[in-house]
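With the UniProt record's numbering as the guide, the letters of the sequence shown map in order to residues 1 to 104. Note that beta-carbon positions come from the ideal geometry of N, C-alpha and C, so glycine has one too. What you are looking at is a predicted structure, and each value in this text was computed from that prediction instead of being measured. Only one structure is covered here, and it is reproduced in the block below.
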Amino acid sequence: YAPPSYLDSGAYKKQSVSKFAGSKGHNQYLTRSVVRFELPYDGFCGGCGCHVGKGTRFNAHKAHVGDYHSTKIWEFTTKCRGCAEVTFKIRTDPAARGFDYVVG
1 YAPPSYLDSG
11 AYKKQSVSKF
21 AGSKGHNQYL
31 TRSVVRFELP
41 YDGFCGGCGC
51 HVGKGTRFNA
61 HKAHVGDYHS
71 TKIWEFTTKC
81 RGCAEVTFKI
91 RTDPAARGFD
101 YVVG
């Protein structure tokens, strides 16, 4: 499929349809910064109080929030499965070689 704007602009003479549309990434992380994240520890939801067990997997937003020497600190944000209102934020802690629950 070639959109009308591609044909009308004359871009078909110089570049492919993919290059005209622009790259959007080839996976979830590149398009929306979503990764599959597994909880490292047991926890409880701050809103509904439901238990969230170790090893529970979520689709989480991954964001770079800082650095510890040359190691990146990542923050994973996801919602509770029980109430879907409370947001969990889990941050890597390279100094202690673990994770910190920031919110939720």
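| query | result |
| --- | --- |
| Return the chain-ordered list of same chain residues with a C-beta closer than 7 Å to the C-beta of Lys72, the five sequence neighbours on each side being excluded. | His64 |
| Once DSSP output is grouped into helix, strand and coil, what is the label at Tyr41? | coil |
| Are there 16 or more other CB atoms within 10 angstroms of the CB of Ala2, so buried, or fewer, so exposed? | exposed |
| On the three-state DSSP scale, how would you describe Val52? | strand |
| Does the Cβ of His77 have 16 or more other Cβ atoms within 10 Å, making it buried, or fewer, making it exposed? | The question names His, but residue 77 is Thr in the sequence shown. Looking at its Cβ environment, which holds 16 or more other Cβ atoms inside 10 Å, Thr77 is buried. |
| Helix, strand or coil for Lys19? Go by DSSP, reduced to three states. | helix |
| Starting from Arg91 and walking both ways along the beta strand (DSSP E), at which residues does that stretch end? | Thr87 to Asp93 |
| Quick one: is Thr31 buried, meaning 16 or more other Cβ sit within 10 Å of its Cβ, or exposed? | exposed |
| What residues are listed by DSSP as bridge partners for Val103? | Lys89 |
| At the level of alpha carbons, what is the spacing between Asp8 and Gly25? | 26 Å |
| Within the continuous alpha helix (DSSP H) that includes Tyr29, where are the two ends? | Gln28 to Arg32 |
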